[in-house]
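S.K.: Throughout the sequence shown, residue numbering follows the working numbering, covering 1 to 153 in sequence.
Yeah, the Cβ is synthetic: ideal placement off N, Cα and C, and Gly gets one too.
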Amino acid sequence: MSNLTYFDAHVHANLMDSPLNVARSSSEVGLGLFACGVTPHDYLELAPQLTQANIRVGLGAHPWYISDERVTEKDIELLLELMEQTPYIGEIGLDFSSRYCVDGLQELQIKAFTQICKRAAELSRNNQPRVLSMHTVRSVDTVLDILEQTGAA
Numbered sequence: 001m002s003n004l005t006y007f008d009a010h011v012h013a014n015l016m017d018s019p020l021n022v023a024r025s026s027s028e029v030g031l032g033l034f035a036c037g038v039t040p041h042d043y044l045e046l047a048p049q050l051t052q053a054n055i056r057v058g059l060g061a062h063p064w065y066i067s068d069e070r071v072t073e074k075d076i077e078l079l080l081e082l083m084e085q086t087p088y089i090g091e092i093g094l095d096f097s098s099r100y101c102v103d104g105l106q107e108l109q110i111k112a113f114t115q116i117c118k119r120a121a122e123l124s125r126n127n128q129p130r131v132l133s134m135h136t137v138r139s140v141d142t143v144l145d146i147l148e149q150t151g152a153a
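1) Measure the CB-CB distance between Ile92 and Ala61 and report whether it falls below 8 angstroms.
2) Who pairs with His12 in a beta bridge, going by DSSP?
3) Tell me His135's beta-bridge partners as DSSP assigns them.
4) DSSP three-state label for Ala153, please.
5) Let's test the definition: count the other Cβ atoms within 10 Å of the Cβ of Pro63 and tell me whether it reaches 16, buried, or not, exposed.
6) Considering only the alpha carbon of each residue, which of Asp68, Leu80, Pro19 and Ile66 lies closest to Arg56?
7) So Pro40 packs on Leu82, CB below 8 angstroms; how close in whole Å?
8) What separation, rounded to the nearest whole angstrom, lies between the Cα atoms of Pro87 and Leu4?
9) Give me, in chain order, the residues of the same chain whose beta-carbon lies closer than 8 angstroms to that of Gly32; leave out the 5 immediate sequence neighbours on both sides.
10) Using the three-state DSSP reduction, which class does Ala35 fall into: helix, strand or coil?
11) For Leu59, which three-state DSSP category applies?
12) If we count the other Cβ atoms within 10 Å of its Cβ and call it buried at 16 or more, is Arg138 buried or exposed?
13) Who are the near neighbours of Lys118 in its chain, counting only those whose CB is closer than 7 angstroms to its CB and skipping five residues on each side?
What follows is the structure, encoded as structure tokens:
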């Protein structure tokens, strides 16, 4: 990736009509991309396709998707297993805006985020550092506390 002019550190390739065409075009113009997933299944779909040297595919569990149960506890378990395959984790995090902070949703997000951070710290201790792309809406203090408590910081 040394010939890149720019690097976009947060792209949702899973939401694009043709992620492969975007990856190829970006490579041609010297653009690197961190393709953040919002579910572990995005990673399973995109990682085999986006193998260009300028692309990093993230393994994620977006807090919105956790809150509305499009990412389940079983999906979090899958993500924790898949973390051995890639150092790129994202999009993960917490969203404490009023829409996502009702009826126990905050606790659900915190539980998943904490598990992911613990696993990232564990793998990093084994000489496999992780790059985390985080969503932090009205939750920065809690995110920083969890990163510190788990050793993922």
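M.R.: So, to answer that:
1) yes
2) None; His12 has no bridge partner.
3) Gly93
4) coil
5) buried
6) Pro19
7) 6 angstroms
8) One C-alpha to the other measures close to 20 angstroms.
9) Met1, Leu4, Tyr6, Phe7, Asp8, Ser26, Asn54, Ile55 and Arg56
10) Assignment of Ala35 by DSSP, reduced to helix, strand and coil, places it in the strand class.
11) strand
12) exposed
13) Thr150
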